[in-house]
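Have a look at the structure below, then the notes.
Residue numbers (the working numbering): 78 to 269.
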């Protein structure tokens with residue numbers, strides 16, 4: 078079962094389930110992708126991941142609407158933000174990512190506390206090194222995506238950054254979650 082919700086040139090969620098399973102923690106086996114700015118993040122292969130983590134992450138994000146806050150986000154260039162996050166998490170040593178200390182402290186304090194990292198979400202859907210960062214900024218949502226690539230050039234070429242209305246962002250997440258949950262429930266009903 079294939080689902081594509083949203084506009085891949087801005088933000089879209091795509092999934093394909095090869096096989097549904099009854100366990101809520103797994104839900105299905107297939108692939109889950111996030112499209113940001115015309116680029117695709119995630120592993121697009123049959124049976125790439127179990128779908129439960131990705132579904133639950135979407136539901137969690139919806140329940141935290143407006144709480145993914147990084148006050149300095151609008152002042153930080155997407156490349157510098159991405160480099161800072163990669164160097165901070167993985168100690169990559171990529172050049173750049175030098176931002177004022179008050180902003181770096183805010184990122185360090187809020188990256189996990191405010192659930193800014195959407196992907197990776199805990200399963201193999203993003204084993205290609207994809208990372209997606211979401212920041213709620215008033216009426217807008219900023220989505221910055223990149224791949225933790227082998228070289229700095231590959232990494233920098235993978236960066237996408239979009240700003241869209243927060244309402245549109247959460248509507249996209251909700252539409253995908255409803256469609257996926259509906260398909261999974263049809264499967265569950267077929268078991269009885």
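We put the CB at the ideal spot given by N, CA and C, even for glycine.
These numbers come from a predicted model, not from an experiment.
Backbone secondary structure at residue i - three-state DSSP
i, result
"residue 165", "helix"
"residue 263", "helix"
"residue 214", "strand"
"residue 181", "helix"
"residue 241", "strand"
"residue 219", "strand"
Nearest-angstrom Cα separation, counted from residue j out to residue i
i, j, result
"residue 92", "residue 200", "14 angstroms"
"residue 241", "residue 269", "42 angstroms"
"residue 174", "residue 81", "33 angstroms"
"residue 212", "residue 96", "33 angstroms"
Where residue i falls, given that 16 or more other Cβ within 10 Å makes a residue buried
i, result
"residue 197", "buried"
"residue 228", "exposed"
"residue 113", "buried"
"residue 263", "exposed"
Contact check, residue i vs residue j, beta carbons under 7 angstroms
i, j, result
"residue 193", "residue 210", "yes"
"residue 207", "residue 118", "yes"
"residue 191", "residue 146", "yes"
"residue 120", "residue 204", "yes"
"residue 159", "residue 223", "yes"
Assumed close pair residue i, residue j - CB separation to whole angstroms, cut-off 8 angstroms
i, j, result
"residue 226", "residue 235", "6 angstroms"
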